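Just below is one structure, and these are the notes that go with it.
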Amino acid sequence: MSLRGHSAIIGYGETEFVKYRDSGTRSNYTEQCDAARLAIQDAGISKDAIDGLIAIPPLDQKVSWSMDLAEYLQLRLTFLDNLYFGGASGAAGMLYAAAAIDAGLCSTVLLVGGSTMDPKRMFEFGSEVATPFERDFDTIYGPMTDNSAYALIKQRYKHEFNATDEQIAQVVVNARHHAAKFPNALLKKPITAEEVVDSRMICDPLRLFEIVMPCTGASALILTSADRAKDVKRPPVYLLGGGQSIDRGMWNPAYGRDQSLTTSPVKQATSKAFDMAGLTINDMDFAQLYDCYTITVVIALEDIGRCEKGQGAEYIEKTDLTYTGSFPVNTDGGQLGRGQPYGACHFMPIVEAVRQLMGRAGDLQVKDARFGLASGNGGSMANECTIILGNETP
Amino acid sequence: MLPETEPFWQAAKRHELVFQQCRACGQRMHFPRLMCHQCLSKDVEWIPSAGRGTVYSYTIVHQAAHESFASEVPYVYAIIDLDEGIRMISNVVGVEPAAVTIDMPVKVMFDDVTPAISIPRFTPA
Chain A
1 MSLRGHSAII GYGETEFVKY RDSGTRSNYT EQCDAARLAI QDAGISKDAI
51 DGLIAIPPLD QKVSWSMDLA EYLQLRLTFL DNLYFGGASG AAGMLYAAAA
101 IDAGLCSTVL LVGGSTMDPK RMFEFGSEVA TPFERDFDTI YGPMTDNSAY
151 ALIKQRYKHE FNATDEQIAQ VVVNARHHAA KFPNALLKKP ITAEEVVDSR
201 MICDPLRLFE IVMPCTGASA LILTSADRAK DVKRPPVYLL GGGQSIDRGM
251 WNPAYGRDQS LTTSPVKQAT SKAFDMAGLT INDMDFAQLY DCYTITVVIA
301 LEDIGRCEKG QGAEYIEKTD LTYTGSFPVN TDGGQLGRGQ PYGACHFMPI
351 VEAVRQLMGR AGDLQVKDAR FGLASGNGGS MANECTIILG NETP
Chain B
1 MLPETEPFWQ AAKRHELVFQ QCRACGQRMH FPRLMCHQCL SKDVEWIPSA
51 GRGTVYSYTI VHQAAHESFA SEVPYVYAII DLDEGIRMIS NVVGVEPAAV
101 TIDMPVKVMF DDVTPAISIP RFTPA
């Protein structure tokens, strides 16, 4: 059984990303509905063609969010899901949608996420969704939401592989380099590795510019069967492979288990994705990697097979990962360059992969891109999903 | 407090660090559960830890996520590997944060935060 080439993305939409304080009258509803509208218009289909919905509930919304959204948009559906497991939900949602289409449960799925959320309330939301076990055995020790979890990962990584802060900071330099040219990005000012390393310490060894800035925005995509995709106005982007892997607790890295902090489930997820696609890392023309923190990208580059374990920091330092380089990464600036609207960030790597593969990346277009990888990362590198996309079926 | 976690906190109040071990398969675990996550036996017992271990990883928190920790910064939030094979989250205290290192030997201490609650933290061994 495989989903290879059975379904295709025919359109996408993203609202303008703005800082929370500039959100004005924008709400969780307006964000997700606006991204949905843009994606439907982009695909050139009628709203009534949508019969499946996968939505990401904003952190401050109840978990029946997708039903409420369907009501707001007056959708008539035969398939509905509500994914709430962090940044892997977007890529995983693509797989679930593809499986549902393949099984005949529905024919065209709208996938959407995004929110307007006060960053000051992050801890409050984290506490609300914490399990009683997290409260008893983690929260009492003063974690700083995701920041402290990723700081533990970066600290261990530096220790095991003698990586330097300057090498890892190059992730931000690349992100800002792309963001400077990307229209819908909040952090357009170019930055040097030195400036990153000199920025304010938040959770040692993670500094301010290594951490995403929460913001307001939404992203949406439309997935349909490969057969139906032939009828849309522009060439589609095929879903060629995907894999998901979960092997640890959501927030406590390795809590109670002996999993490595420096080898992540990205490895298994990506291996499954390549197996399904019948492709390898050498076939990839770019990677759009979930980049909530610098260290996430370093470890992901190793675990997708682009370099050996432990050499990610050196690889980033010595390789041109810009859109004109030998292996373009996060060509829209990623979350470190664009800002992180919760829920939209689940789809951002996929939207950028589609933008590239449709040849619509403008000043940041990767020349002759045919195949690309997009990843989603939930919790503290706990829940991973990788998908492989292509503008042709190999 | 859940039935799973109550014995841990009762022991902590007595300044004892305990964790669970499965009588059926010998699996050790933390956080506590009503059944063994390895063999699913419900025959699990509490056994004492000597309270010694090493720092597996740590971070120095410079900006508290919640006001209740604001007066504590900078403080060390860490993963501790106990000698008994248990991995737990805790704090490393009684030492300058900058002096903490990975693999540093540590031992447990109990912080009596209220008459009813004592929290296990770690100091350099």
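Line by line, the protein sequences give chains A and B. Using the UniProt record's numbering, the letters of the first sequence correspond one by one to residues 1 to 394. Using the UniProt record's numbering, the letters of the second sequence correspond one by one to residues 1 to 125. Glycine included, C-beta positions come from ideal geometry on N, C-alpha and C. If you're wondering where the values come from, they're calculated on a predicted model, not measured in any experiment.
Residue i - containing beta strand (DSSP E), residue span
i         : result
Thr224(A) : 217–225
Val92(B)  : 87–92
Asp112(B) : 105–112
Asn28(A)  : Segment 28–43 is the alpha helix (DSSP H) holding Asn28(A); no beta strand (DSSP E) there.
Phe19(B)  : 18–22
Leu110(A) : 108–115
Phe79(A)  : 79–82
Met201(A) : 201–204
Gly334(A) : Segment 334–338 is the alpha helix (DSSP H) holding Gly334(A); no beta strand (DSSP E) there.
Closest by C-alpha distance to residue i, when choosing among the options
i         : options                                    : result
Ile50(A)  : Leu187(A), Cys106(A), Ala344(A), Val196(A) : Cys106(A)
Gly339(A) : Met213(A), Tyr315(A), Gly376(A), Thr131(A) : Met213(A)
Trp46(B)  : Tyr56(B), Gln21(B), Leu34(B), Leu40(B)     : Gln21(B)
Leu83(A)  : Leu75(A), Gln74(A), Ser64(A)               : Ser64(A)
Gly241(A) : Ile388(A), Thr296(A), Tyr72(A)             : Ile388(A)
Pro120(B) : Ala99(B), Asp103(B), Leu82(B), Ala98(B)    : Leu82(B)
Val44(B)  : Glu16(B), Ser57(B), Tyr58(B), Met29(B)     : Met29(B)
Phe110(B) : Ile86(B), Phe122(B), Cys39(B), Val18(B)    : Phe122(B)
Ile246(A) : Gly87(A), Gly24(A), Ala70(A), Ala229(A)    : Gly87(A)
Leu3(A)   : Glu31(A), Tyr96(A), Met250(A), Thr30(A)    : Tyr96(A)
Arg176(A) : Glu71(A), Glu210(A), Asp165(A)             : Glu210(A)
Tyr315(A) : Leu152(A), Leu301(A), Asn147(A), Glu71(A)  : Leu301(A)
Leu59(A)  : Ser46(A), Thr25(A), Val129(A), Phe79(A)    : Val129(A)
Leu261(A) : Arg248(A), Lys272(A), Gln268(A)            : Arg248(A)
Ala100(A) : Ala35(A), Gly390(A), Asp81(A)              : Asp81(A)
Cβ-Cβ distance between residue i and residue j below 8 Å
i              : j         : result
Val61(B)       : Met144(A) : yes
Leu289(A)      : Ser375(A) : yes
Tyr141(A)      : Ser90(B)  : yes
Gly372(A)      : Leu357(A) : yes
Ile102(B)      : Arg234(A) : no
Ile202(A)      : Gly113(A) : no
Val76(B)       : Ala64(B)  : no
Ser115(A)      : Tyr342(A) : yes
Val171(A)      : Val266(A) : no
residue 411(A) : Gly52(A)  : Only positions 1 to 394 of chain A appear in the structure, and residue 411(A) is not among them; the question remains open.
Gly312(A)      : Thr270(A) : no
Glu166(A)      : Ala193(A) : yes
Arg355(A)      : Phe327(A) : no
Ile9(A)        : Ile222(A) : yes
Pro132(A)      : Leu2(B)   : yes
His178(A)      : Tyr323(A) : yes
Endpoints, the alpha helix (DSSP H) within which residue i is located
i         : result
Lys318(A) : 312–318
Tyr150(A) : 145–161
Thr270(A) : 266–277
Gln167(A) : 165–179
Phe123(A) : 122–129
Gly379(A) : Here Gly379(A) belongs to no alpha helix (DSSP H), and DSSP marks it neither H nor E.
Met94(A)  : 89–102
Thr296(A) : 294–303
C-alpha distance - residue i paired with residue j, whole-angstrom precision
i              : j         : result
Val351(A)      : Arg21(A)  : 25 Å
Ala116(B)      : Asn282(A) : 59 Å
Ala220(A)      : Glu160(A) : 39 Å
Ser380(A)      : Phe125(A) : 16 Å
residue 176(B) : Asp332(A) : The requested residue 176(B) is not part of the displayed model; chain B covers only 1 to 125.
Ser7(A)        : Gly93(A)  : 13 Å
Gly11(A)       : Ser264(A) : 31 Å
Gln27(B)       : Phe8(B)   : 17 Å
Ile80(B)       : Ser57(B)  : 7 Å
Lys318(A)      : Gly337(A) : 20 Å
Phe85(A)       : Ala169(A) : 28 Å
Ala103(A)      : Lys62(A)  : 29 Å
Gln41(A)       : Arg121(A) : 34 Å
Val92(B)       : Tyr150(A) : 18 Å
Glu71(A)       : Arg370(A) : 38 Å
Ala78(B)       : Ser118(B) : 18 Å
Asp204(A)      : Thr59(B)  : 5 Å
Gln38(B)       : Gln259(A) : 15 Å
Met284(A)      : Thr164(A) : 28 Å
Asp198(A)      : Val173(A) : 13 Å
Output, in sequence order along the chain, the residues in the region 196–214 of chain A whose CB is closer than 7 Å to any CB in chain B. Met201, Ile202, Cys203, Asp204
Near-chain B residues of the region 119–148 of chain A - C-beta to any C-beta below 7 Å: Phe123, Pro132, Phe133, Asp136, Phe137, Asp138, Ile140, Tyr141, Gly142, Pro143, Met144, Thr145, Ser148
If the cut-off is 8 Å on Cβ atoms, which residues from the region 155–169 of chain A count as contacting chain B, listed in chain order? Under the 8 Å Cβ criterion, the region 155–169 of chain A contributes Gln155, Arg156, His159.
Between the region 42–59 of chain A and chain D, which residues of the former have CB atoms less than 7 Å from a CB of the latter, in chain order? In the structure shown, chain D cannot be found, because the protein chains are A and B.
Residues in the UniProt domain "ChsH2 rubredoxin-like zinc ribbon" (9–45) of chain B having any Cβ partner in chain A nearer than 7 Å: Met29, His30, Phe31
Could you list the residues in the region 88–108 of chain B with a C-beta less than 9 Å from some C-beta on chain A, going in chain order? Met88, Ile89, Ser90, Asn91, Pro97, Ala98, Thr101, Ile102, Asp103
Using a Cβ-Cβ cutoff of 7 Å, what residues of the region 61–78 of chain B are near chain A? List them in chain order. Val61, His62, Gln63, Ala64, Ala65, His66, Phe69, Glu72, Tyr75, Tyr77
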